[in-house]
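Take numbering that gives the first Met the number 0: the last position of the sequence shown gets the number 769, and nothing is skipped along the way.
Let me begin by presenting the structure, written as structure tokens, before commenting on it.
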Amino acid sequence: MKRREMFVRILVIIAGVEVVVMFLLGALELPEGNAKNFIDAFTLSVLSAPLLYYSVIRPVTHRLSEQSALARKALEQELALKAYAEKLELKEAADAQSRLQAQRMELLGKFHAGAIEEADLDVILSDTAKDICRVLDVPCCAIRIFGNPDRIAEHCGPGTKPVSSSLALSRIPDACIADFEAGKYKVSDGTNLSPCCSGSDGCPDETGMGAHLEVPLLHSEGLAGILFLGTGGKREWTAEEIATAEAIAGGIAAAVRHDTVFRNQKEMAGRLMSLMNNVPGIVYRGYQDWSVGFMGAEVERVTGYTAEEFTGGSVKWKELMHPDDLPGIKIAFRKAVAERKGVLRVEYRLRHRDGTYRMLADRRQNTYDSKGEFLYVDGLLLDITEVSLLEKQARTAQRMEAVGTLAGGVAHDFNNALTGIFGFGELLRMKLSGDKRAEADLDEMLQCAVRASTLTRQLLTFARRQAIAPVNLSMNSVITDLMKLIENTAGERIVTKFRLEEDLPAVRADRGQLEQVLMNLCLNARDAMPDGGALVVETSAAVLDEEHVYRHPYMKSGRYAVLTVTDTGIGMNESTREKIFEPFFTTKGSDKGTGLGLAMVHGIVKRHEGYIHVYSEPGKGTTFRVHLPAIDGPPEASIARSREVVRGGDETILVADDDDSVRNLAELALGEQGYSVIAARNGEEAVEIFRRGNGIALVLLDVGMPRLDGKEALAVMREMSPGIKAILMSGHDFGENRPSEGSGRNVARLPKPFGCTELAKKVREVLDGN
């Protein structure tokens, strides 16, 4: 409704009121003057109302409306400003909350990143303590990790007392430990101490702790430690600060758990790796395509290749297998997988980096999935090269020992027979002096006996029963003395070369047997070059280390003098190489050799505690290499002995031999030299004769006799007469490698076969003390 209409209505109402008043005055018969005055006044007021409105009321009303509008607008602006201010405050609070949340997340992310990267936990804790102080704006933070010993990281600002000593597990009350284990934190605003702070009786200001917060570090295994936050003064801890501290504490606990698990796993992995790398074999994991996922470090020692070369694929296991073994191994593997076998054991040869082959025993466990499909194989490879060689050597040794035993027995009896042939042949030749035809026949017979004795010596040498006289000598001197003979034996079509090392160490050996070794090797080299070639004889010094012994386990480490004989002949295949040292084996034909030459060489080398190797391939020649142990000291100088005249004597000699021909020969030959001879058929009979006296000056005893052998009989005799002189006879060895009561002074040895002259000479030497 407009203001003008309202004003008109007010005037009408006033006029109506005046009429009513006049009517009432007339009705009440009041005096006219007063009423008239009232009406006039009213009429005047009515007439003056418009003037009053337009002159006063309207301007005032308009001004009031404007002021009211301005006030309302100001109020609206004020309300808008207030709302904006409140919105800014909320935004700032939200931003602060976001910043705090971001800082907390940054701190947790940094902490977890360090833990995942497997950094040092002590360093992580130390950095975390500094970051917590920065994020939560507290001057002191201490992180205690319980353990043996405890680990602590503390960061306190200037003027803030450290609290490390207050966090020891042993000083925290049991009730607080129970609360911490239940996940409850302890908080103090600085007016009093937390009951978990070491039971201190002082106030917070005195202890330097002030307001503090203690949050447990809990993980799946239990209580790991405590996170302590301190201000050094009074402070109210907000819910957000407590929540942040709990979140950080959870992260620390998780990292501690991760570190513990990681360390345990690392330690376990280290132990497992150490075990796999130190077992006497190669632990591996392989797959169907022959690739390798893991290989123990032992593989480098066995194969010469590193484990990384196998796992990286640069070296293929299959390609190292011996070509003769690979097809059979493939079939065995495929058959095992087809039959779903779990365990498989095979043996094969594997090529070393240096070209040699090692014998391996593969013990493998096949693994399949739930459908029976092959997944992988875990296995253990054992280097059985040494065992294989030892087994092979044992089999060879058994065969050679059997042959040696047979050869020794045959040679013993044969030498007794040859002794009779030599002795009685010499006696017969002396009696037939002047009969040229008879002498020629006897000489031919004795020459046959010499060849027969050479054969028996070869047998005995192979059987290692030939008596030896070792001295300190240089192999160079042996070769030098035989150079001319070797060149003549080789012939004109073979070029002979000698390469002798100047500072070659001496060896302890029998010169004659070493000459036999050299000559036999040179003769074999000559026969291997029917169309001519080159023969090289070399000497050198060598030191065998542990690595060499590992590759050749039958050898011993140390210093050696090495003799090498090389030819450029036809060579040998593997099957021939394996048999060349066996007695009676020959590739020359029955009319060109007995097959005892290399067997004798092998026996002599073994007798001298040495080693012999052969390297040969068809069409590429052959090399024999002999290692003899070197000794300290110079070789002994050879002594030239003048020819002595054999003379007889009149002493009494006791001869004991179970072979009638030898006993009769000795009795006859010594009798002709003027000696008194008493004969016995065995050791017991000889001891009984010696016990009766008879002035015996010398005993001549066969080593191999029934009942009592020669050494046993001599031992009994020496109990009765310690100074008795003796000669021991033997058709093979004299038992130098075993202790005997018969060894000592005034004992000489006389190997069979021997002749009358040699017997008489030896008897005279012993009786004269020479």
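Quick reminder that beta carbons are idealized off the backbone N, C-alpha and C, glycines included.
| Item | Value |
| --- | --- |
| Taking Cβ to Cβ, would you say M716 is nearer than 8 Å to V698? | yes |
| Would you kindly report the start and end of the unbroken beta strand (DSSP E) that includes S675? | S675 to A679 |
| State the DSSP-derived secondary structure class of M773, mapped to helix, strand or coil. | What is shown of the chain runs 0 to 769, which leaves residue 773 out entirely. |
| Select from I652, N693, E711 and G694 the residue whose C-alpha is nearest the C-alpha of N681. | E711 |
| Looking at C-beta atoms only, is the number of pairs between the segment 137 to 145 and the segment 118 to 128 that lie closer than 8 Å three or more? | yes |
| Would you call N147 buried or exposed, if buried means 16 or more other Cβ atoms sit within 10 Å of its Cβ? | exposed |
| Under three-state DSSP, which class holds H551? | coil |
| Pull up the distance between the alpha-carbon of G378 and that of F309, whole angstroms please. | 15 Å |
| Check each candidate in V134, R363, A629 and H607 and name the one with the smallest Cα separation from V342. | R363 |
| Are the CB atoms of G609 and D566 within a distance shorter than 8 Å? | no |
| Using only the alpha-carbon positions, how far apart do E297 and S574 sit? | 32 Å |
| Helix, strand or coil for H257? Go by DSSP, reduced to three states. | helix |
| Can you tell me whether DSSP reads R737 as helix, strand or coil? | Reliability fails at R737, whose pLDDT of 42 lies under 50, so the model's placement of it is uncertain and no value is given. |
| Straight-line CA distance for R133 to A223? | 24 Å |
| What ranges does the beta strand (DSSP E) occupy inside the segment 263 to 324, keeping only unbroken runs of at least 3 residues that lie completely in it? | 281 to 285 and 291 to 294 |
| Got a sec? Which residues, its chain only, sit under 8 Å from G303 by beta carbon, not counting five neighbours each side? | H351, R352 and D353 |
| Whole-angstrom Cβ separation of D658 and N475, contact assumed at under 8 Å? | The pair is not a contact, with the Cβ atoms about 42 Å apart (cut-off 8 Å). |
| Return the residue from the list L120, F145, D136 and I171 that minimises the CA-CA distance to C770. | With the chain running from 0 to 769 in the structure shown, residue 770 is simply not present. |
| Between A68, C175, A152 and A177, which lies nearest to V122 when the distance is taken from Cα to Cα? | A152 |
| Kindly indicate which three-state DSSP category L669 falls into: helix, strand or coil? | helix |
| Give the straight-line distance between the Cα atoms of V282 and L216, rounded to the nearest whole angstrom. | 42 Å |
| Answer yes if the segment 624 to 632 comes into contact with the segment 552 to 565, meaning at least three C-beta pairs across the two stretches below 8 Å, and no otherwise. | yes |
| Would you say the segment 645 to 662 touches the segment 671 to 686, given that touching needs at least three Cβ pairs under 8 Å? | yes |
| DSSP state of H601, grouped into three classes? | helix |
| With distances taken from CA atoms, which of H607, A685 and G182 is nearest R507? | H607 |
| Kindly indicate which residue of A696, G511, F145 and E438 has the alpha-carbon position closest to the one of V255. | F145 |
| Between which two residues does the beta strand (DSSP E) carrying I144 extend? | C139 to I144 |
| L380 and G280: beta carbons closer than 8 Å? | yes |
| Determine the burial state of R763: buried for a count of at least 16 other Cβ atoms within 10 Å of its Cβ, exposed for fewer. | buried |
| Given this structure, state the Cα-to-Cα distance separating A238 from G229, to the nearest angstrom. | 16 Å |
| Put P161 into one of helix, strand or coil per three-state DSSP. | coil |
| To which residues of the same chain is D324 closer than 7 Å at the C-beta, ignoring the five residues directly before and after it? | Y347 and R348 |
| State buried or exposed for C755, treating a residue as buried only when at least 16 other CB atoms are found within 10 Å of its CB. | buried |
| Please list the terminal residues of the continuous alpha helix (DSSP H) segment that includes I702. | For clarity, residue 702 is Val in the given sequence; the question names Ile instead. Here V702 belongs to no alpha helix (DSSP H), and DSSP marks it neither H nor E. |
| Check whether the segment 511 to 528 touches the segment 475 to 487, counting contact only when three or more Cβ pairs, one atom from each stretch, lie closer than 8 Å. | yes |
| Hey, out of S473, A246, N523 and V600, whose CA is closest to Y559's CA? | S473 |
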